[in-house]
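First up is the structure itself, then whatever we jot down about it.
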Amino acid sequence: DAGVTQSPTHLIKTRGQQVTLRCSPKSGHDTVSWYQQALGQGPQFIFQYYEEEERQRGNFPDRFSGHQFPNYSSELNVNALLLGDSALYLCASSLGRLETQYFGPGTRLLVL
Amino acid sequence: GIQVEQSPPDLILQEGANSTLRCNFSDSVNNLQWFHQNPWGQLINLFYIPSGTKQNGRLSATTVATERYSLLYISSSQTTDSGVYFCAVTMNRDDKIIFGKGTRLHILP
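If you read the sequences in order, they're chains A and B.
FYI, in the working numbering the residues of the first sequence are 1 to 112.
FYI, in the working numbering the residues of the second sequence are 113 to 221.
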């Protein structure tokens, strides 16, 4: 039973560029949540997708957008990258919106 | 907004010692989870515990929702227990998920 997978593992971009991160949930899970974790901080909730719709959103600007596909996999898109977007981006999946979350290994994004 | 405070922020213990980590939250929550983040960044789910007490080997957790706190107990610490421990709550009023800042635990051999 595969766990949560994310791609790519590492990414280097320059300011102003756009990036797409991908997440495949644990088998049987239907809900995907995305988090940003800056160095030395706790994860910050970006948004949650359930039934292909954004259900909840944290305090992130519209530059952060996402999508969930019919197979429950998800993408996180960030436009007009800023230096401050450098962080570990974590995806978590669950069976239902309020249930136990299982995290992927993350994507480390560096914006130069 | 809701506050999630973890204490202590840092803890250094000798192998074999016991420890108690605390998570206080300022509003009513739907659920609460404890996670361990290893040095490579992987978050491992330890407990899903909106209320009551659970045990898993050397680890146990207690959440008293009415008093808005949760405790994580680690007994007979091992060096592999090192890392950062986070609690995360899901708010009752809008289902947003809030993480605390974590407790960084160092277990010395």
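Just so you know, even glycine gets a beta-carbon here, dropped at the ideal spot from N, CA and C.
Of all Cβ atoms in chain A, is any one closer than 8 angstroms to the Cβ of residue i?
{"i": "residue 207 of chain B", "result": "yes"}
{"i": "residue 217 of chain B", "result": "no"}
{"i": "residue 171 of chain B", "result": "no"}
{"i": "residue 210 of chain B", "result": "yes"}
{"i": "residue 137 of chain B", "result": "no"}
{"i": "residue 195 of chain B", "result": "no"}
{"i": "residue 130 of chain B", "result": "no"}
{"i": "residue 168 of chain B", "result": "no"}
{"i": "residue 185 of chain B", "result": "no"}
Indicate whether at least one CB of chain B lies closer than 8 angstroms to the CB of residue i.
{"i": "residue 28 of chain A", "result": "no"}
{"i": "residue 100 of chain A", "result": "yes"}
{"i": "residue 68 of chain A", "result": "no"}
{"i": "residue 33 of chain A", "result": "yes"}
{"i": "residue 36 of chain A", "result": "no"}
{"i": "residue 6 of chain A", "result": "no"}
{"i": "residue 45 of chain A", "result": "yes"}
What residues of chain A sit near residue i, judged by a beta carbon separation below 7 angstroms?
{"i": "residue 214 of chain B", "result": "42"}
{"i": "residue 143 of chain B", "result": "98"}
Assuming residue i and residue j make a contact with CB atoms under 8 angstroms, what is their CB distance in whole Å?
{"i": "residue 45 of chain A", "j": "residue 210 of chain B", "result": "7 angstroms"}
{"i": "residue 89 of chain A", "j": "residue 106 of chain A", "result": "6 angstroms"}
{"i": "residue 162 of chain B", "j": "residue 144 of chain B", "result": "6 angstroms"}
{"i": "residue 21 of chain A", "j": "residue 207 of chain B", "result": "At roughly 23 angstroms, the Cβ-Cβ gap does not stay under 8 angstroms, so residue 21 of chain A and residue 207 of chain B are not in contact."}
{"i": "residue 125 of chain B", "j": "residue 131 of chain B", "result": "6 angstroms"}
{"i": "residue 86 of chain A", "j": "residue 25 of chain A", "result": "The pair is not a contact, with the Cβ atoms about 25 angstroms apart (cut-off 8 angstroms)."}
{"i": "residue 31 of chain A", "j": "residue 104 of chain A", "result": "With a Cβ gap of about 14 angstroms, residue 31 of chain A and residue 104 of chain A do not count as contacting."}
{"i": "residue 172 of chain B", "j": "residue 185 of chain B", "result": "5 angstroms"}
{"i": "residue 196 of chain B", "j": "residue 216 of chain B", "result": "5 angstroms"}
Listing by chain order, which chain A residues have their CB less than 8 angstroms from the CB of residue i?
{"i": "residue 202 of chain B", "result": "98"}
In chain B, what lies closer than 9 angstroms to residue i by C-beta?
{"i": "residue 16 of chain A", "result": "The contacting residues do not exist; residue 16 of chain A stays about 26 angstroms from chain B at best."}
Starting from residue i, follow its DSSP beta bridges and name the residues at the other end.
{"i": "residue 92 of chain A", "result": "A:33, A:103"}
{"i": "residue 146 of chain B", "result": "B:159, B:199"}
{"i": "residue 177 of chain B", "result": "BP columns for residue 177 of chain B are empty, so no partner."}
{"i": "residue 122 of chain B", "result": "B:216"}
{"i": "residue 166 of chain B", "result": "B:173"}
Starting from residue i, find everything on chain A with Cβ-Cβ shorter than 9 angstroms and list it in chain order.
{"i": "residue 181 of chain B", "result": "None at all; the shortest Cβ gap to chain A is about 17 angstroms."}
Which chain B residues sit within Cβ distance under 8 angstroms of residue i?
{"i": "residue 105 of chain A", "result": "152, 153, 154"}
{"i": "residue 88 of chain A", "result": "153"}
Mind pulling the chain B residues with CB within less than 7 angstroms of residue i?
{"i": "residue 58 of chain A", "result": "208"}
task: Kindly provide the ranges of any beta strand (DSSP E) runs that are 3 or more residues long and lie completely inside the region 188 to 216 of chain B, ordered along the chain.
output: 195 to 203, 209 to 211
3 or more residues per run - each beta strand (DSSP E) lying fully within the region 37 to 90 of chain A: 44 to 50, 53 to 57, 64 to 68, 74 to 78
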